[in-house]
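Positions 1 to 125 (this note's numbering) are the ones given, in order, by the sequence shown.
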Amino acid sequence: MSITFKNGTFLSPVLNIPMMMFAGFGVTLRELPSYLKWGSHISYLRYALEGLVGGVYGGNRGALECEEAPYCLYRSVRKYPKKFLEEIATRGDQFFFDVRALCVTNAIFRVISYVVLKAEIKSVQ
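#1: Using 10 angstroms around the beta-carbon of Pro81, count the other beta-carbons present and answer buried if the total reaches 16, otherwise exposed.
#2: Excluding the 5 residues preceding and the 5 following Ala101 in the sequence, name in chain order all residues of the same chain whose CB lies nearer than 6 angstroms to its CB.
#3: Using a threshold of 8 angstroms, state whether the C-beta atoms of Ile88 and Thr28 are closer than that.
#4: Please list, in chain order, all residues of the same chain as Ser40 whose beta carbon is under 6 angstroms from its beta carbon, the five residues on each side excluded.
#5: When the Cα of Gly24 is compared with those of Val124, Lys118 and Leu85, which residue comes out closest?
#6: Give the straight-line distance between the Cα atoms of Phe13 and Met19, rounded to the nearest whole angstrom.
#7: Only counting the same chain, and skipping five residues up and downstream in sequence, which positions put a Cβ closer than 7 angstroms to that of Arg61?
#8: Would you call Asp93 buried or exposed, if buried means 16 or more other Cβ atoms sit within 10 Å of its Cβ?
#9: For a test of the three-state rule: what should DSSP assign to Leu45, helix, strand or coil?
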């Protein structure tokens, strides 16, 4: 079975939009129904988002400077990073766990890609 570029164009959003939802972009992780929580554990975007936010706001980080701009969203975040982490339902102390999860996910995707490409080459020959 060969997936063409046309099929990939339509398949990519169908697979990535649920991954974004499971990462907590549209819905926070605590608001997900219990029967959908498994999806957040397989979403690589969740670990990327948690790692990014944990790297910036985690690690018992103190108050951050906020430039006096015309508009500063989450101005209070600059003063209270822990409150922001609680608001988006993540912890700031799991940065290295998120990095490991991303490395494992990357390795799994590489193995799957290798197997699929190997099968595709066999089917062409």
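Cβ atoms here follow ideal geometry from the backbone N, Cα and C, with glycine treated the same way.
Reading off the structure:
#1: Classification of Pro81: buried, given that the 10 Å Cβ count is 16 or more.
#2: Counting only Cβ-Cβ distances below 6 angstroms, and skipping sequence neighbours, we find Tyr47.
#3: A distance below 8 angstroms separates the beta carbons of Ile88 and Thr28.
#4: Closer than 6 angstroms at the Cβ level, and outside the excluded window around Ser40, lie Phe22, Leu29 and Arg46.
#5: It is Leu85.
#6: Going by the sequence as given, residue 13 is Pro instead of Phe. Those two C-alpha atoms are separated by around 10 angstroms.
#7: Around Arg61: Pro81.
#8: Exposed, because fewer than 16 other Cβ atoms sit within 10 Å of the Cβ of Asp93.
#9: Here Leu45 sits in helix by DSSP.
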